[in-house]
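Just below is one structure, and these are the notes that go with it.
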Amino acid sequence: MLIGLETFSYHAWFGQGAMDAFAFIERSAELGLGGVQLNVNGGNFGHVGGDDPGRLREIRQTIEALGLFVEIDSRGMDPDHLTAMLHLCSAVGADTLRTYASCGGDLEQELAEAPGLLRQVVPVCADLGVRIGVENHEYETSGQILDLVRQVDSEWVGTHVDTGNSMMVWEDPVDAVRALAPLAVSSHFKDHVVVKSAGDQPVIAGVTLGTGSIDCAECFRTLSEDSPLERLIIEVCYGYSAPFRCSLTTGAGAAPGTGAFCVLEGPFHPSWVLLPRAGGDRPSIEQILAWQDRSVEESVAFVKGLNASAGGPRPRS
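So for the sequence shown, numbering that gives the first Met the number 0 puts the first residue at 0; every next one is plus one.
Next comes the structure, spelled out in structure tokens:
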């Protein structure tokens, strides 16, 4: 598989103004990766930093000069928004758009409305040659995503397989990946652990790939062998954590305290698990940036190893 990197992997760098889209693209090439996924969520088109045609043209030229592929990462199901994002994809040379249904509203209603909204933009997808991947994004089970995608019933809409987000709804990561893989058009490949927060509540925390509780090797094997994917997007979530989004009784049935849901006992070095701390007791931003960069480097090396073992293309030097 070709391996790419999502901009969220450097979220602390972007948040501090220490990195922009161009620096990220160049860093991805330095890491020997084959492509990038640019997140446009938030003000001023997120990590892209604006939708000025000149800027988008320069981003595309930078990507093409380095021989990389590109995907775009957005959210929501509003047809006007998706149409704009599909045109942004076309402007930067992306053939894949990630989105998700739940944006903090009524989940049942959002999932019920999503197929009809997506069908409205299928003609735009076909005109521009851009596919949409619908992600399991912390609130949705794999079954709900599959039902949504099958209702759309279009070659232009498939699943975006996130290997960690299913944990937030008590779904085993490997089970979710196996379910979503056959209809996959894109991915986020990550690793998580379950730990106790400062309030003594279990939270799911992002860690360097290969050091957490998710069976990354089996997830990679499944995506390599049982999906149509030809490329994989690494999303390093060091420094990010989230609570479980539903109760055990309304979740997907995973057993707490077992497998990926085993609660690890701290304390943890903040270079591995970085959680919000009360009273401002937190490492310096310079140290956090260094740890995040190291987490990305080690994650990329780990995934390249999985790819080599699976007989994937030789990584870029």
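For every residue, glycine included, the Cβ atom is placed at its ideal position computed from N, Cα and C.
Cβ-based burial, residue i [other Cβ within 10 Å; buried from 16]
{"i": "residue 261", "result": "exposed"}
{"i": "residue 316", "result": "Confidence in residue 316 is poor, its pLDDT being 43 and thus under 50, which makes the residue's placement unreliable; the coordinate value appears in the next sentence. The residue in question, residue 316, is exposed, as its Cβ has fewer than 16 Cβ neighbours within 10 Å."}
{"i": "residue 5", "result": "buried"}
{"i": "residue 171", "result": "buried"}
{"i": "residue 2", "result": "buried"}
{"i": "residue 62", "result": "buried"}
{"i": "residue 231", "result": "buried"}
{"i": "residue 244", "result": "buried"}
{"i": "residue 284", "result": "exposed"}
{"i": "residue 81", "result": "buried"}
{"i": "residue 140", "result": "buried"}
{"i": "residue 56", "result": "exposed"}
{"i": "residue 248", "result": "exposed"}
{"i": "residue 98", "result": "buried"}
Pair within 7 Å by beta-carbon distance, residue i and residue j
{"i": "residue 91", "j": "residue 131", "result": "no"}
{"i": "residue 213", "j": "residue 11", "result": "no"}
{"i": "residue 202", "j": "residue 240", "result": "yes"}
{"i": "residue 40", "j": "residue 74", "result": "yes"}
{"i": "residue 151", "j": "residue 114", "result": "yes"}
{"i": "residue 133", "j": "residue 147", "result": "yes"}
{"i": "residue 155", "j": "residue 180", "result": "no"}
{"i": "residue 189", "j": "residue 229", "result": "no"}
{"i": "residue 85", "j": "residue 127", "result": "yes"}
{"i": "residue 71", "j": "residue 37", "result": "yes"}
{"i": "residue 48", "j": "residue 93", "result": "no"}
{"i": "residue 208", "j": "residue 301", "result": "yes"}
{"i": "residue 176", "j": "residue 218", "result": "yes"}
{"i": "residue 88", "j": "residue 129", "result": "yes"}
{"i": "residue 211", "j": "residue 192", "result": "yes"}
{"i": "residue 8", "j": "residue 295", "result": "yes"}
{"i": "residue 135", "j": "residue 165", "result": "yes"}
{"i": "residue 333", "j": "residue 143", "result": "The structure shown has nothing for residue 333, since the chain only spans 0 to 316."}
{"i": "residue 119", "j": "residue 52", "result": "no"}
{"i": "residue 106", "j": "residue 138", "result": "yes"}
Residue i at chain D interface by Cβ criterion, 7 Å
{"i": "residue 144", "result": "Given the protein chain composition of this structure (a single chain), no chain D is represented."}
Three-way DSSP call (helix, strand, coil) for residue i in this model
{"i": "residue 89", "result": "helix"}
{"i": "residue 38", "result": "strand"}
{"i": "residue 240", "result": "strand"}
{"i": "residue 109", "result": "helix"}
{"i": "residue 208", "result": "coil"}
{"i": "residue 183", "result": "strand"}
{"i": "residue 262", "result": "strand"}
{"i": "residue 15", "result": "coil"}
{"i": "residue 10", "result": "helix"}
{"i": "residue 148", "result": "helix"}
{"i": "residue 80", "result": "helix"}
{"i": "residue 296", "result": "helix"}
{"i": "residue 46", "result": "helix"}
{"i": "residue 168", "result": "helix"}
{"i": "residue 25", "result": "helix"}
{"i": "residue 301", "result": "helix"}
{"i": "residue 319", "result": "Residue 319 lies beyond the stretch modelled for the chain, which goes from 0 to 316, so this question has no answer here."}
{"i": "residue 162", "result": "coil"}
Counterpart residues of residue i in DSSP-defined beta bridges
{"i": "residue 132", "result": "97, 157"}
{"i": "residue 3", "result": "34, 232"}
{"i": "residue 71", "result": "37, 96"}
{"i": "residue 188", "result": "233"}
{"i": "residue 203", "result": "193, 241"}
Contact test: residue i Cβ vs the ligand NAP heavy atom, cutoff 6 Å
{"i": "residue 224", "result": "Because no ligand of any kind appears in the structure shown, any question about the ligand NAP cannot be addressed here."}
Is it a yes or a no for the region 262–273 touching the region 145–165, going by three-plus beta-carbon pairs under 8 Å?
-> The answer is no - the region 145–165 does not touch the region 262–273, with fewer than three Cβ pairs under 8 Å.
Decide if the region 240–252 is in contact with the region 13–33; the criterion is three or more beta carbon pairs, one per stretch, under 8 Å apart.
-> With a cut-off of 8 Å on Cβ pairs, the region 240–252 is not in contact with the region 13–33, counting fewer than three such pairs.
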